[in-house]
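Note sheet for the following structure.
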Amino acid sequence: MKTRPADREQRLIARAEAALNDGTAMPEALAELLDAHRKLVSRMGRLTRISDRQQLQLRELSELKDQFVGMAAHDLRNPIGLVQGFSELMLAAPEMAQADRARYLQIISKVARDMGALLNDLLDISAIESGKLTIEATPQRLDAVVAERLDLLTNLAERKQITLKRRLAEVDRVPIDDRRLAQVIDNLVGNAIKFSHPGTTVTVSVWAEDGHGCLAVADQGQGIPAEEIDKVFGTFQRLSVRPTGDEKSHGLGLAIARKIVLAHGGRIGVESTVGEGSVFTVRLPLQA
Numbered sequence: 005m006k007t008r009p010a011d012r013e014q015r016l017i018a019r020a021e022a023a024l025n026d027g028t029a030m031p032e033a034l035a036e037l038l039d040a041h042r043k044l045v046s047r048m049g050r051l052t053r054i055s056d057r058q059q060l061q062l063r064e065l066s067e068l069k070d071q072f073v074g075m076a077a078h079d080l081r082n083p084i085g086l087v088q089g090f091s092e093l094m095l096a097a098p099e100m101a102q103a104d105r106a107r108y109l110q111i112i113s114k115v116a117r118d119m120g121a122l123l124n125d126l127l128d129i130s131a132i133e134s135g136k137l138t139i140e141a142t143p144q145r146l147d148a149v150v151a152e153r154l155d156l157l158t159n160l161a162e163r164k165q166i167t168l169k170r171r172l173a174e175v176d177r178v179p180i181d182d183r184r185l186a187q188v189i190d191n192l193v194g195n196a197i198k199f200s201h202p203g204t205t206v207t208v209s210v211w212a213e214d215g216h217g218c219l220a221v222a223d224q225g226q227g228i229p230a231e232e233i234d235k236v237f238g239t240f241q242r243l244s245v246r247p248t249g250d251e252k253s254h255g256l257g258l259a260i261a262r263k264i265v266l267a268h269g270g271r272i273g274v275e276s277t278v279g280e281g282s283v284f285t286v287r288l289p290l291q292a
């Protein structure tokens, strides 16, 4: 059975009192008593710090839950209303012209995709904040993973009349969870397209530098005000810069991207100038 520090201190106090009677063992008893006292104070201090950290984490989780519920209620209310409204409109008019019916179905489909994307982001950020993000990395070519995602994003850029340019050097031996890194690429390139005007260019670059595989996404968009740069990677943060088309922005994508990059042992940063555009850069360590 383990002896608690407080019990040990009580026994040493008894020894010190007994030592007062003969005086010979007093220095040794006092030294042991002081040592036990210091250890007890140190232990209590550690427990207090742990308790404070736990309380802070609980407060942060509570705030996250409130933000989560608030965003879900706010950002899903209108889309659900649109789906319901157009569905009821078609049900009430069975003889509706085929062209009108097709247009309404396209709207319902787009709204459903937006809701699905939001729900996926909410589930991801919930898993990340609760410490359940898992990374299954294997050494891969960074440029090949990026090229595959860009093939899927080209149509998104073309629909908005934005040129998607590639500068991909071969970078091998980068430990990557390709499914998770795909989220990072989709968020960075998707945001560049979302916040850029038609007729501009988004350039995606990959290169190796100082033991890292690097990925940069540069746009010619609106840029981010200097006072908002620190908020860019925050959870549920919405900046003053708005999408240039009819896209939605929920303030979750970059927070998710940052957590995924950090879980890979990497870093992510941004440089931006209002009126000129932004450059987001990811650095992932090469396999030793």
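Last residue of the sequence shown: 292 (our numbering), numbering continuous.
For every residue, glycine included, the Cβ atom is placed at its ideal position computed from N, Cα and C.
Let me make sure I understand the geometry here. Which of the options has the alpha-carbon closest to that of residue i?
| i | options | result |
| --- | --- | --- |
| Gln144 | Gly215, Glu174, Ile189 and Ala261 | Glu174 |
| Pro247 | Val208, Ala121, Thr239 and Ile197 | Ile197 |
| Gln165 | Gly203, Lys136 and Arg184 | Gly203 |
| Phe237 | Glu251, Asn191 and Val208 | Asn191 |
| Asp176 | Val206, Leu219, Gly225 and Thr207 | Leu219 |
| Arg153 | Val208, Glu133 and Asn124 | Val208 |
| Val245 | Asp214, Glu275, Ala212 and Gly279 | Gly279 |
| Arg271 | Gly227, Leu258 and Thr158 | Leu258 |
| Gly281 | Ala261, Lys235, Leu243 and Gln226 | Gln226 |
| Val150 | Asp118, Asp125 and Val193 | Val193 |
| Ser200 | Leu109, Leu168, Pro289 and Ile189 | Leu168 |
| Ala305 | Arg163, Glu275, Leu256 and Leu80 | Shown here, the chain extends from 5 to 292; a query on residue 305 therefore has no answer. |
Measure the alpha-carbon distance for residue i versus residue j and round it to whole angstroms.
| i | j | result |
| --- | --- | --- |
| Leu172 | Gly273 | 19 angstroms |
| Ser113 | Leu146 | 33 angstroms |
| Ile139 | His268 | 7 angstroms |
| Ala292 | Val178 | 9 angstroms |
| Glu232 | Leu93 | 42 angstroms |
| Val283 | Ala230 | 14 angstroms |
| Ile264 | His216 | 16 angstroms |
| Ile111 | Thr142 | 40 angstroms |
| Met30 | Lys43 | Below a pLDDT of 50, predicted positions are generally treated as unreliable, and Met30, at 48, falls in that range; no measurement from the model is reported. |
| Arg287 | Leu137 | 19 angstroms |
| His254 | Leu122 | 7 angstroms |
| Leu157 | Gln59 | 43 angstroms |
| Thr285 | Ile189 | 11 angstroms |
| Arg101 | Leu95 | A quick correction: the sequence has Ala, not Arg, at residue 101. If I take the Cα positions, the gap works out to 13 angstroms. |
| Ala161 | Asp128 | 25 angstroms |
Between which two residues does the alpha helix (DSSP H) carrying residue i extend?
| i | result |
| --- | --- |
| Lys198 | Asp182 to Lys198 |
| Ser130 | Gln102 to Glu133 |
| Ile260 | Gly257 to Ala267 |
For the beta strand (DSSP E) that residue i lies in, which residues bound it at each end?
| i | result |
| --- | --- |
| Gln144 | Thr142 to Gln144 |
| His216 | His216 to Ala222 |
Could you name the residues that DSSP lists as bridge partners for residue i?
| i | result |
| --- | --- |
| Thr205 | Thr167 |
| Gly273 | Thr285 |
| Pro179 | Pro143 |
| Ala212 | Gly217 |
| Leu172 | Val210 |
Does the Cβ of residue i lie closer than 7 angstroms to at least one heavy atom of the ligand MG?
| i | result |
| --- | --- |
| Ala151 | The ligand MG is not among the ligands present in this structure, which contains no ligands whatsoever. |
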